[in-house]
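Under the numbering used here, the first residue of the first sequence is numbered 1271, with each subsequent residue one higher. Cβ coordinates follow ideal geometry from the N, Cα and C atoms, glycine included. Quantities reported herein were computed from a predicted structural model and do not represent experimental measurements. Following: one structure in structure tokens, then a few remarks.
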Amino acid sequence: MSSDLLDKGYEPKAVEERWNRFWLEENLFSADAVSDQKSFSIVIPPPNVTGVLHMGHALNNTLQDILCRYRRLRGDNVLWMPGTDHAGIATQNVVEKELAREGKTRHDLGREALIEAVWEWREKYGSAIINQLKRLGASCDWDRERFTMDEGLSQAVRKVFVELYEEGLIYKGNYIINWCPRCLTALADLEVEHEESEGRLYHILYPFPNQKGGIVVATTRPETMLGDTAVAVNPDDERYADLTEDSVILPLMNRKIPVVRDKYVDMSFGTGGLKVTPAHDPNDFEIGVRHNLPAIKVIGDDGIMTSEAGRFQGLDRFKCRAQVVKALEKENLLKQVEPHQHSVGCCYRCNTVIEPNLSKQWFVKAKPLADKAIEAVESGKTRIIPTTWENTYYDWMRNIKDWCISRQIWWGHQIPAWTCGDCEEITVSMDTPETCVKCGSKNLVRETDVLDTWFSSALWPFSTLGWPEKTELLKTFYPTSVLVTAFDILFFWVARMMMMGIHFMKDVPFKDVYIHAIVRDEEGKKMSKSTGNVIDPLVVIDQYGTDAFRFTLTAFAAQGRDVRMSEKRVEGYRHFVNKLWNAARFSLMHIQDGEFDAAEDSISRENERLSLPDRWILSKLDRLTTSVSDSLETYHFNEAASNLYQFVWHEFCDWYLEAIKPVLYGKHGEEAMQASKHVLWKVLKDTVILLHPIIPFITEEIWSKLPGTKGSIMQAVFPGDQPGRRPMIDPDAESHMALVVDTITGIRNIRGEMGISPSMALSARIQSDNPESLNVVREYASIIKNLARLNEFMIDESGEKPKSAAMAVASGMVIYVDLEGVIDFEKESLRLEKEITKIAKELTTISKKLNNEDFLAKAPDEVVQNVREKNAGLIEKQQKLQSNLERVRKLHED
RNA sequence: GGGCGGAUAGCUCAGUUGGGAGAGCAUCGGCCUUACAAGCCGAGGGUCACAGGUUCAAGCCCUGUUCCGCCUACCA
């Protein structure tokens, strides 16, 4: 027997590298495009090509990997589609920053050259995150990796755009959009992050032309007044009911602007006077449309005041604000300034304050698409789990607004629209058109804008499968089985995939959406670079191993709750991984030379050669198998992890292995040894299979060392699915084992509490009125003797109370541990008193129930019966302890 | 403004039809027992945020309150 079969401590690094290489070389992650097996598919939420693996990715992909590996073990044909997204703005930012270091801008290069530079950048760094996912153990079908800018996916994007345009679901128009003056592009509403901030509310007097009074308006952005084209009041506002003036003079600009009446104006806010800037505020824009007001753009796309801003031209928008305020003060038109809490929109990419800006952009008409997406969830075609997110989904979908999809950047899918230089007609087409559809002119200019990255991500579940081609892959794997994601991209991505999937595939993109938590730091704060509380998953992996890290994520991934990550927690689960390693090491010392065949499972409850621990652990394994598959199928990942933890450590290691040690050392004969070895082999084998989805590396390593196994553990048969499998749940074995465990624990408790050295062998005797219990302890006396460290263990039917003994009550039996010469009566009485007090407490709550006639009359019989039994048991135990306490006290006095 | 979630042991959190308050870590005591000191054995520790209500019975269901977190919104 060699003990160097496995190293003493688990060293993850080498193991992980080896198996990662093996899995890839053997193509174990690849899906079959056509198969008789059940299909299971997941599309990865594509990380940004610029991204590096963070905790969110780690959790997200660990959960997906668990599902994929689990389904493979269950025999499914699994496709986990990997890929990255081109992240238009983010990627272009990165490359432009590089250019800036050389003192260049994108305009120096021109469109073509910039795009080329981005592709080069991608070649160089784009696979970073993919490699990091591989280190995490992600079992994606890597050969099928997709990128949103790939030829095929670009075709899909183009086709979707053209069809939606032809159906009237895409249009171009002049509207107020969110403009980032730093990124110099429009953004969708979702891409604006709102931050509460302390601002100021300025009350400004707009005088009447006759200089007799005027209307006071309130604003947080005084610089926009330069573009005001009206003042609005509510038609129902009595303060303005008798107003005869129909215009005011716009201060600083000395422009006469009309007073309009519009229901939009909130009479309770400020003076009830609202300045109207149609070019720089979405509501004002609407008012402008209703009252036919001109829109004057005073803030340029670069955030600098335009020539329309008069003497303020050329100022930065924030400097202009200060100047405008100063100028108003000078003219005594600034009536009041008050602090004002409001939320400011910022660019989600660069955090620059967003400028609402009038601009010609492309939009998707979302409502008709959203209606069907709502219906799909209502009807259960797609389930959102946990269901609490359904409300959020409905709420957003029902209030959906048109989606601005054009971006004024170069990196992305260029919009396939051409404007005629002669008649201004727009031609939208799959292929580059030669002539204008309306006038036939050849003077066509292509739209320079590109599409929002999320437009292409919305097609991900079918574009990655080959659409618009009618591929086998698409037929086999669409709709996908489940989408795993965090809630922060529920609208960005999930909702839009639902809309596009249903529209173009006539079927939902996924049957389930599992929404998991966000990973936070130890204190529950969101991890962010600026806070400096980021934990790098790769550092954690280096330090503790991938398996420990994955197990930690899984154990904390309870539904509807954030994961608080700290290295200390990972350390705890590294201990678990190491425990498993050592249990395997110990087991292999005994079974490595045995002959076992995974296909032939002759073990059954009825096998007489099996010992009590054998039957017990098989029973527990059977229960574990059921609970693990139930948990994983209902996305209760943390339950699967904790059940596995409990089983491995506290059932398999603490009790089973300890109990069968003498058997393995041959103390009970050859037959018993062979039987236990067979069980040990089976339990270890099935346990690593059950653990494999969560901790793939160590389980593959152990699998490879187990006799009778072939190939990768990924090709193993899930314990519940083995042919000819017989149920192993054995209530007798469980109750007998419980009795044995109780007895041992009782004796150990005495040893611990009385401060008796573990090395000192003790003598114990047991008494009971219950012959069945006595039979059980008699039969398994050797286990008790061994694990409680006794040199003598007697069944005592005399009923006598020995003198110098400590006592315990276990499963209704009285155990005496002889402590001749060692006993401390004082200590023993304290110990017994403590126990009695504890029982008394329990008895008060129980007797309250039993004294309650309503309880006896109305509670189900089963419940009453349980309480009665418990009561009787406790009373009996209390009496036994009490009479012994009296005995000890008496002895003490003697 | 609307919505959602959370409050359970010192810490982090489980707790699925209402009937035993649990785990991991930390703490305390004892152990180099030939798989594992990253270990083994034993122990202590909770008014389940607060106030009501429904029920024979509430951590769980209902109402209200406080505190914390998040999402969402065109509140000038």
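DSSP three-state assignment for residue i, whether helix, strand or coil
| i | result |
| --- | --- |
| residue 1995 | coil |
| residue 1710 | coil |
| residue 2094 | coil |
| residue 2102 | helix |
| residue 1623 | strand |
| residue 2023 | helix |
| residue 1896 | helix |
| residue 1693 | coil |
| residue 1590 | helix |
| residue 1736 | coil |
| residue 1612 | strand |
| residue 1606 | strand |
| residue 2143 | helix |
| residue 1272 | Caution is warranted here: a pLDDT of 38 is assigned to residue 1272, below 50, making its placement in the model unreliable, and no coordinate value can be reported. |
| residue 1355 | strand |
| residue 1231 | Limits of the chain in this structure are 1271 at one end and 2164 at the other, which puts residue 1231 out of reach. |
| residue 1820 | helix |
| residue 1326 | helix |
| residue 1410 | coil |
| residue 1941 | helix |
| residue 1504 | coil |
| residue 2124 | helix |
| residue 2082 | coil |
| residue 1791 | coil |
Spatial neighbours of residue i in its chain, beta-carbon cut-off 7 Å, leaving aside the 5 residues before and after
| i | result |
| --- | --- |
| residue 1958 | 1969, 1972, 1973, 1983 |
| residue 1757 | 1659, 1785 |
| residue 1890 | 1917, 1921 |
| residue 1899 | 1990 |
| residue 1326 | 1756, 1788, 1789 |
| residue 1816 | 1282, 1286, 1405, 1406, 1407, 1967 |
| residue 1893 | 1999 |
Cutoff 8 Å; reference residue i; Cβ partners in own chain excluding five residues on either side
| i | result |
| --- | --- |
| residue 2132 | none |
| residue 1492 | 1472, 1474, 1591, 1594, 1595, 1598 |
Cβ-based burial, residue i [other Cβ within 10 Å; buried from 16]
| i | result |
| --- | --- |
| residue 1612 | exposed |
| residue 1362 | buried |
| residue 2104 | exposed |
| residue 1273 | In this prediction, residue 1273 has a pLDDT of 39, which is less than 50 and means its spatial position is unreliable; what the coordinates show is noted afterwards. With fewer than 16 other Cβ atoms within 10 Å, it is exposed. |
| residue 1694 | exposed |
| residue 1601 | exposed |
| residue 1271 | Low local confidence applies: a pLDDT of 37 at residue 1271 is under 50, so the model's placement there is unreliable, and no value is given. |
| residue 1588 | exposed |
| residue 2155 | buried |
| residue 1338 | buried |
| residue 1672 | buried |
| residue 2027 | exposed |
| residue 1770 | buried |
| residue 1779 | buried |
Paired residues, beta bridge with residue i - DSSP
| i | result |
| --- | --- |
| residue 1424 | Its beta-bridge partners do not exist; DSSP assigns none. |
| residue 1666 | Answer is none; residue 1666 lacks a bridge partner. |
| residue 1964 | According to DSSP, residue 1964 bridges with nothing at all. |
| residue 1291 | Paired residues: none, contrary to the question. |
| residue 1265 | This structure leaves residue 1265 out entirely; the chain is present only between 1271 and 2164. |
| residue 2157 | Looking at the DSSP assignment, residue 2157 forms no beta bridge with any residue, so it has no partner. |
| residue 2063 | 2034 |
Spatial neighbours of residue i in its chain, beta-carbon cut-off 6 Å, leaving aside the 5 residues before and after
| i | result |
| --- | --- |
| residue 2051 | 2063 |
| residue 1905 | 1655, 1784 |
| residue 2071 | 2157 |
| residue 1320 | 1357, 1360, 1361, 1364 |
| residue 1494 | 1547, 1550 |
Ordered list of beta strand (DSSP E) runs contained in the region 1531-1568, each at least 3 residues: As summarised for the region 1531-1568, the continuous beta strand (DSSP E) elements at least 3 residues long and confined to that stretch are 1544-1546, given in chain order.
Secondary structure, beta strand (DSSP E): runs of 3+ residues fully inside the region 1429-1462: Taking only runs of at least 3 residues, the beta strand (DSSP E) segments lying wholly in the region 1429-1462 are 1440-1450, 1455-1457.
Alpha helix (DSSP H) segments (min. 4 residues) lying fully within the region 1632-1682: The region 1632-1682 contains these whole alpha helix (DSSP H) runs: 1637-1648, 1658-1668.
Entirely enclosed alpha helix (DSSP H) segments - the region 1336-1384, minimum 4 residues: Runs of the alpha helix (DSSP H) spanning 4 or more residues and lying entirely within the region 1336-1384 occur at 1358-1371, 1376-1379, in chain order.
4 or more residues per run - each alpha helix (DSSP H) lying fully within the region 1829-1863: DSSP runs (the alpha helix (DSSP H)) wholly in the region 1829-1863: 1837-1861.
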